Structure formats: C-alpha cells, structure tokens
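Below is one structure, written out as structure tokens; the observations come after it.
This is the structure we're talking about:
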C-alpha cells in the first residue's frame, strides 16, 4: 500500500512539472526583416557554407532559448538563438 501511495504521489509530482504552462514570448512583433540559417550562423573566419531564408513579413516571437517566425500564411519556423540574424521589427 505504501508503495502504491508513493508511486501515485511521484507520478502526480512528475506530471505537475512536465505539464507546466508554456512560457509567453519575451518579445512578439511584426517582422520587417529576419534571416534564418540552415545551421548555426557562420562566425567570422569560419570555413564552409550555409544557406538562409529571409522573411520580410509575418510575426516573430522571441523566447528565452529560441525564436518562432510565423509567416503570413500561418507556417511556423522555430530556430535556436545561433541560427538567425538581421532581425528588424516594424
């Protein structure tokens, strides 16, 4: 019986931590310009190549560890902080 109670309380505590409410964005604005890279943004002096996609419309949501670019047609792109550059807001 004690094992059942312990297991039940443990699962409930785990569920409360896993099911925490989602954090709201630190910043949310309309995009004027945003460039998303296919891998971490190239640093000065690095060899190799990477490509990027440039967005000039839609919305951007900036969170603690990533950004979310939402196109005007609703398509969302999520990228960690080293994978974007040249952000401008309206």
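In the numbering used here, the protein residues as written are 5 to 94.
We put the beta carbon where it would ideally sit given N, CA and C, even for glycine.
Please read all numbers here as calculations on a predicted model, not as lab measurements.
Residue 33: which of 65, 60, 79 and 72 sits nearest, CA to CA? 65
Around the Cβ of residue 70, are there at least 16 other Cβ atoms within 10 angstroms (buried) or fewer (exposed)? Label assigned to residue 70: exposed.
For residue 84, the first and last residue of its enclosing beta strand (DSSP E): 80-84
Rounded straight-line distance, which links the Cα of residue 92 to that of residue 61: 11 Å
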